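Visitor: One structure coming up, written as structure tokens, with questions to follow.
2 protein chains.
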Amino acid sequence: MNGQLTIVGLGPGPSEWITPAADATISTADVVLGYESYLARLTPRRGQIFEASDNREELARAKRALEIASSGKRVVVVSGGDPGVFAMAAAVFEAVDNAPDLANDIDIRVEPGVTAMLAAAARIGAPLGHDFCAISLSDNLKPWATIEKRLRLAAEADFVIALYNPASKARPEQIQEAFRILSTIRAPETIVAFARAVGRADESIEITTLANAAKATCDMRTVVLVGSPSTRAVQGSHGRTWVYTPRFVRDA
Amino acid sequence: MNGQLTIVGLGPGPSEWITPAADATISTADVVLGYESYLARLTPRRGQIFEASDNREELARAKRALEIASSGKRVVVVSGGDPGVFAMAAAVFEAVDNAPDLANDIDIRVEPGVTAMLAAAARIGAPLGHDFCAISLSDNLKPWATIEKRLRLAAEADFVIALYNPASKARPEQIQEAFRILSTIRAPETIVAFARAVGRADESIEITTLANAAKATCDMRTVVLVGSPSTRAVQGSHGRTWVYTPRFVRDA
């Protein structure tokens with residue numbers, strides 16, 4: 001029998017955001033690999049092997065998954081959110097690219113999920129209602145000069161900007177530098193939203209402006225959404241604030 | 001009783017991509033509104049009202065949904081994909097912005113879903129594994145000059161570019177113009193993928209290059225993914241081609 005390897009997205013947190021397709025794929029797997037906090041969301045069925053690894057070992061996990069699948073097993077690698085967005089699917093194909101023989105006769109699939117910015121946007125209103133971009137601020141993966149250039153061009157393009165991995169203990173300052181760069185192009189009153197741990201018990205949402213964004217707290221569990229010049233705040237009932245980006249851009 | 005209005009994403013097509021949260025919200029609604037082809041995916045439970053409308057009447061549908069919710073009903077508006085991405089959530093908040101009294105005492109929520117580019121990317125490999133942007137090519141909603149400027153800046157930023165609404169019967173030529181603009185910045189061998197009707201019986205995936213992209217067919221049900229300069233194709237077993245964008249950018 002040929003092996004199978006499916007990279008599966010668990011969505012941002014709660015089981016009610018795991019698609020039935022993802023759920024079915026996981027339940028029929030022989031072996032499930034992933035970062036321990038993602039595996040902790042799942043319950044192994046009888047006879048199923050869960051193999052946890054550190055979050056910084058993505059390429060090693062991808063190779064390990066391919067090796068197990070090579071032996072004819074049904075293997076799942078789980079990711080938070082969508083596995084294709086700053087997550088495990090690219091690591092698996094990178095492992096295949098590095099050593100094509102690893103993937104011989106393995107049926108590789110990707111099972112999509114709700115990525116963090118969509119859940120964050122849903123809590124805030126409809127900030128991604130118009131053209132947008134997603135940038136990972138982690139400079140473990142690329143030079144800061146590349147990030148800076150992308151932030152400038154994204155701001156000039158009037159994209160709504162979703163920032164993934166905005167800050168960690170090792171690099172608390174980069175998100176502040178990102179706000180300084182964006183402030184050279186976008187107005188101080190630009191809406192900025194911080195969505196932390198969306199869908200979890202400790203979820204928090206903070207809506208502020210670019211001028212005040214430096215005061216907000218953020219970490220690796222936060223997605224930051226920086227509004228475009230047309231992104232607006234609307235007051236709902238009971239003091240609720242909604243943020244949306246209109247579908248239309250009028251002629252200048 | 002206060003009314004409720006939830007804008008719900010159905011994902012790209014099959015029921016296995018509808019989240020349990022979306023499913024539960026729909027099943028407890030009194031009234032479900034939406035474009036007829038989205039409602040056709042659902043089965044009304046006993047006593048539930050389905051109200052279909054034309055896809056071009058988004059703002060009218062949003063107002064209608066708010067009016068019904070005002071009477072104390074639980075109302076759902078369904079969108080394909082994720083409701084926050086080029087879809088109904090922005091229309092609802094626009095309606096509230098235009099007439100805040102419409103939303104008095106209505107509990108408005110957004111329930112996220114798998115947006116089309118994520119499902120398209122999953123079928124192709126991991127093309128969105130690095131920084132990316134999403135642009136709607138429909139110039140019903142913005143001037144073509146705005147689209148052109150964004151395409152240029154997105155290409156300069158080395159974003160992978162997801163194009164929503166790339167072509168319709170009324171505007172078959174704009175996607176070709178988009179490819180011409182991108183070709184002034186990106187190399188002819190840049191990978192371009194066309195993902196049509198992902199998750200449906202008539203799904204089709206075509207992987208080609210920017211030089212040959214003009215020959216591919218695309219319509220309103222297609223998402224076009226234009227690779228960044230680092231996006232790569234990998235040969236899998238059985239002649240399968242995978243496309244991915246590496247997580248790393250090396251120092252120049």
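Residue numbers (full-length UniProt numbering), protein chains in the order written: chain A, 1 to 252; chain B, 1 to 252. Every residue, glycine too, gets a C-beta built ideally from N, C-alpha and C. Keep in mind that this is a model prediction, so the values were computed, not measured.
(1) Measure the C-alpha to C-alpha separation of R152(B) and A157(A) and round it to an integer number of angstroms.
(2) Please classify residue 260(B) as buried or exposed, where buried requires at least 16 neighbouring CB atoms within 10 angstroms.
(3) Name the chain B residues whose beta carbon is nearer than 8 Å to that of Y244(A)?
(4) Is the distance from the Cβ of V223(B) to the Cβ of L163(B) below 8 Å?
(5) Quick check: the Cα distance between I124(B) and N104(B), rounded to an integer number of angstroms?
(6) Run through chain B and tell me which residues come within less than 9 Å of R61(A), C-beta to C-beta.
(7) Quick check: the Cα distance between A62(A) and R180(A), rounded to an integer number of angstroms?
(8) Would you say S237(A) reaches chain B, if we count a Cβ-Cβ gap shorter than 8 Å as a contact?
(9) Spatial neighbours of S228(B) within its chain, please: CB distance less than 7 Å, with the 5 preceding and 5 following residues excluded, ordered by chain position.
(10) Check whether chain B comes within 8 Å of N104(A), counting only Cβ atoms and requiring the distance to be less than that.
(11) R232(A) and D97(B) look like a contact to me (Cβ under 8 Å); what is the Cβ gap, rounded to whole Å?
(12) Quick one: give me the first and last residue of the beta strand (DSSP E) that L66(B) is part of.
(13) Let me check understanding here. Comparing Cα to Cα, which of M117(B), S237(B) and A216(B) lies closest to Q176(B)?
(14) What residues from chain A crowd round K73(B), counting only those whose CB sits closer than 8 Å?
(15) Are three or more beta carbon pairs between the region 234–248 of chain B and the region 135–151 of chain B nearer than 8 Å?
(16) Quick one: does D20(A) have its CB under 8 Å from some CB of chain B?
(17) Looking at chain A, which residues of the region 119–141 of chain B have a Cβ within less than 8 Å of any of its Cβ atoms?
(18) Does the beta carbon of R150(A) come closer than 8 Å to any beta carbon on chain B?
(19) Output the boundary residues of the alpha helix (DSSP H) element that contains Q176(A).
(20) Can a CB atom of chain B be found closer than 8 Å to the CB of F159(A)?
(21) Of the choices D30(B), G9(B) and V32(B), whose alpha-carbon is the least far from that of G84(B)?
(22) Assign G13(B) to buried or exposed, taking buried as 16 or more other Cβ atoms, counted over all protein chains shown, within 10 Å of its Cβ.
(23) On the DSSP letters alone, give me the boundaries of the alpha helix (DSSP H) that residue 253(A) sits inside.
(24) Hey, out of W242(A), H238(A) and F248(A), whose CA is closest to residue 270(B)'s CA?
(25) Using CA coordinates, which residue listed in L102(A), R45(A), S53(A) and P166(A) is at the minimum distance from S71(A)?
(26) In chain A, what lies closer than 7 Å to D54(B) by C-beta?
(27) Assign E189(A) to one of three DSSP states: helix, strand, or coil.
(28) Check whether the Cβ atoms of E94(B) and L59(B) sit closer than 8 Å, and answer yes or no.
(29) Compute the distance between the beta-carbons of I108(A) and L33(A), then report whether it is under 8 Å.
(30) Give a yes or no on whether 8 Å exceeds the smallest Cβ distance from P166(B) to chain A.
Guide: In terms of the structure at hand:
(1) 9 Å
(2) In this structure chain B extends from 1 to 252, so residue 260(B) is not present and cannot be described.
(3) A89, A90, F93, E94 and D97
(4) yes
(5) 45 Å
(6) Those do not exist, as R61(A) stays about 13 Å from chain B at its closest Cβ, beyond 9 Å.
(7) 37 Å
(8) yes
(9) H130, D158, F159, V160 and T245
(10) yes
(11) 6 Å
(12) Looking at the DSSP string, L66(B) is not in any beta strand (DSSP E); the run it does join, the alpha helix (DSSP H), is E58 to S70.
(13) A216(B)
(14) By Cβ distance, chain A contributes nothing, its closest Cβ being about 16 Å from K73(B), past 8 Å.
(15) no
(16) Residue identity check: residue 20(A) is Pro in the sequence provided, not Asp. Yes, P20(A) lies at the interface with chain B (some Cβ there is under 8 Å from its Cβ).
(17) A119, A121, A122, R123, G125, A126, P127, L128, G129, H130, D131, F132, C133, A134, I135, S136 and L141
(18) yes
(19) Q174 to S183
(20) yes
(21) G9(B)
(22) buried
(23) In the structure as shown, chain A starts at 1 and stops at 252, and residue 253(A) therefore has no counterpart that could be examined.
(24) Shown here, chain B extends from 1 to 252; a query on residue 270(B) therefore has no answer.
(25) L102(A)
(26) What D54(B) touches in chain A: nothing, since even the nearest Cβ is about 16 Å away.
(27) coil
(28) yes
(29) no
(30) no
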